[in-house]
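Novice: Residue numbers (the UniProt record's numbering): 1 to 324. A virtual CB, placed ideally from N, CA and C, is assigned to each residue, including glycine. None of these values were measured; they are calculated from a predicted model. Have a look at this one before I ask anything.
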């Protein structure tokens, strides 16, 4: 058995002393639906983040490597379009590898404002980057990029606000959520603001399925880790060995779906509630939508954005799109 999986037995666990009420509410609501589901934002505890970093290095997983190559190639052109002395706001800040590509290329940027729901994570990102970029003022913004954000007023002193939304995280969102994001970003970045988005493109399922169900089982471990987190933080009794990872291509909705499939009929309990599973029943844990360039541009234009530039890799696996 792979050490990446670290399965936990389905032992009944004591209720933790401190519970994240938002996490608990999301889990209870999701498991109560006819098609059980769990929001993908809860993947990223410490172990989940480690596993995702491992995924990005897998030979089957093209998005991270391809986007980084595109950004490396287009960074100077992007900088010229954005102009000097910008304030860069990154929605859903990650490990900041791609962030550095832009900060290195931009002309005398004034501010960097990463957005994330975790205050501790943001502090770490800001502290690390502050040491590397002492001339750029770090202004972390604690919040969910799908909600209204309080943008520090000093960022308005920059010549332009530049939004950065990499990693095709936009592919986790529904059309309604994408529309809401575009509209909020228009308000937050201002009428002369610009927005750079990394968006994965439609392609053959022969490429997509291995990217989300790798031969080493790392994505399976990443998916199952969500159940381990529920066990640890909410006192659940999921037996990870009785659930299997599954990735499927939904052509009608142009998305890869990740599921955790119950191998047998079983019941699990957490927070005083019981949830029954039929054999073969699944928990839907993530959507990863794949776009056409015109399709994403149309959604953006409906929300007041104008397409400025599109960069793609030679195989047209991935796109970086700029809007103004």
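Within 8 Å, do at least three Cβ pairs link the region 43-59 to the region 298-306?
Specialist: At 8 Å Cβ cutoff, the stretches do not touch.
Novice: Should residue 231 be labelled buried (16 or more other beta-carbon atoms within 10 Å of its own) or exposed?
Specialist: Sequence index remark: in the chain shown, residue 231 carries index 231 (1-based). The residue in question, residue 231, is buried, as its Cβ has 16 or more Cβ neighbours within 10 Å.
Novice: If distances are taken between C-alpha atoms only, which option among 25, 245 and 198 comes closest to residue 67?
Specialist: Within the chain shown, residue 67 is the residue found at index 67, counting from 1. Measuring from the Cα of residue 67, the nearest candidate turns out to be 198.
Novice: Buried or exposed for residue 272, going by 16 or more other Cβ atoms inside 10 Å?
Specialist: To locate residue 272, count along the chain shown from 1; it is residue 272. Exposed, because fewer than 16 other Cβ atoms sit within 10 Å of the Cβ of residue 272.
Novice: If distances are taken between C-alpha atoms only, which option among 63, 283 and 310 comes closest to residue 98?
Specialist: Indexing the chain shown from 1 puts residue 98 at position 98. Looking at the Cα atoms, 63 is the closest of the given residues.
Novice: In the DSSP assignment, what are the bridge partners of residue 307?
Specialist: Counted from its first residue, the chain shown places residue 307 at position 307. In the DSSP output, where bridge partners are listed per residue, residue 307 has 323.
Novice: Candidates 204, 321 and 267: which alpha carbon is nearest residue 315's?
Specialist: Start at 1 with the first residue of the chain shown, and residue 315 comes out as number 315. The option with the nearest alpha carbon to residue 315 is 204.
Novice: Taking the CB atoms as reference points, tell me whether residue 136 and residue 110 lie closer together than 8 Å.
Specialist: Taking the first residue of the chain shown as position 1, residue 136 is located at position 136. Taking the first residue of the chain shown as position 1, residue 110 is located at position 110. Cβ distance < 8 Å, so residue 136 and residue 110 count as in contact.
Novice: By the DSSP assignment, the beta strand (DSSP E) with residue 90 in it spans what residues?
Specialist: Taking the first residue of the chain shown as 1, we reach residue 90 at position 90. Note, residue 90: beta strand (DSSP E), 86-91.
Novice: For the beta strand (DSSP E) holding residue 262, just list the boundary residues, first then last.
Specialist: Walking along the chain shown from the start, residue 262 turns up at place 262. Element bounds for residue 262: 255-262.
Novice: Return helix, strand or coil for residue 208, following the three-state DSSP convention.
Specialist: Locating residue 208 in the chain shown gives position 208, where the first residue counts as 1. DSSP places residue 208 in helix when its eight states are reduced to three.
Novice: Is the Cβ-Cβ distance between residue 267 and residue 274 less than 8 Å?
Specialist: As a working note, residue 267 is residue 267 in the chain shown. As a working note, residue 274 is residue 274 in the chain shown. Result yes, Cβ atoms of residue 267 and residue 274 sit closer than 8 Å.
Novice: Helix, strand or coil: which one does DSSP assign to residue 2?
Specialist: Looking up residue 2 in the chain shown gives position 2. Confidence in residue 2 is poor, its pLDDT being 39 and thus under 50, which makes the residue's placement unreliable; the coordinate value appears in the next sentence. Reduced to three states, the DSSP call for residue 2 is coil.
Novice: Nearest-angstrom Cα distance between residue 312 and residue 234?
Specialist: As a first step, residue 312 must be located in the chain shown, where it is residue number 312. As a first step, residue 234 must be located in the chain shown, where it is residue number 234. Approximately 43 Å, taken between the alpha carbons.
Novice: Residue range of the alpha helix (DSSP H) that residue 197 falls in?
Specialist: Taking the first residue of the chain shown as position 1, residue 197 is located at position 197. Segment 194-200 is the beta strand (DSSP E) holding residue 197; no alpha helix (DSSP H) there.
Novice: For the beta strand (DSSP E) that contains residue 247, what are its first and last residues?
Specialist: Here residue 247 refers to the residue found at position 247 when the chain shown is read from its first residue. It spans 243-250 - the beta strand (DSSP E) in which residue 247 sits, taken as one unbroken run.
Novice: Let me confirm a value: residue 8 is counted as buried when at least 16 other C-beta atoms fall within 10 Å, else exposed. Which label applies?
Specialist: For the purposes of this step, residue 8 is taken as the residue at position 8 of the chain shown. In this prediction, residue 8 has a pLDDT of 47, which is less than 50 and means its spatial position is unreliable; nothing more can be read from the coordinates.
Novice: Would you call the region 131-145 and the region 69-82 in contact, with 3 or more CB pairs under 8 Å?
Specialist: The answer is no - the region 69-82 does not touch the region 131-145, with fewer than three Cβ pairs under 8 Å.
Novice: With C-beta atoms as the reference, is residue 219 less than 8 Å away from residue 259?
Specialist: Locating residue 219 in the chain shown gives position 219, where the first residue counts as 1. Locating residue 259 in the chain shown gives position 259, where the first residue counts as 1. For residue 219 and residue 259, no; Cβs fall outside 8 Å.
Novice: Residue 112 and residue 129 - do their beta-carbons sit closer together than 8 Å?
Specialist: For the purposes of this step, residue 129 is identified with residue 129 of the chain shown, where counting begins at 1. For the purposes of this step, residue 112 is identified with residue 112 of the chain shown, where counting begins at 1. Cβ atoms of residue 129 and residue 112: closer than 8 Å.
Novice: For the candidate residues 202, 186, 162 and 157, whose alpha-carbon lies nearest to that of residue 148?
Specialist: Position 148 of the chain shown, counting from 1, holds the residue named residue 148. Nearest option by C-alpha distance: 186.
Novice: Which residue spans inside the region 96-142 form an unbroken beta strand (DSSP E) run of at least 3?
Specialist: Taking only runs of at least 3 residues, the beta strand (DSSP E) segments lying wholly in the region 96-142 are 111-116.
Novice: In whole angstroms, give me the CA-to-CA distance for residue 158 and residue 223.
Specialist: Indexing the chain shown from 1 puts residue 158 at position 158. Indexing the chain shown from 1 puts residue 223 at position 223. So the alpha carbons of these two residues sit roughly 41 Å apart.
Novice: Is residue 288 closer than 8 Å to residue 144 when the C-beta atoms are compared?
Specialist: Locating residue 144 in the chain shown gives position 144, counting from the first residue. Locating residue 288 in the chain shown gives position 288, counting from the first residue. No. Outside cutoff.
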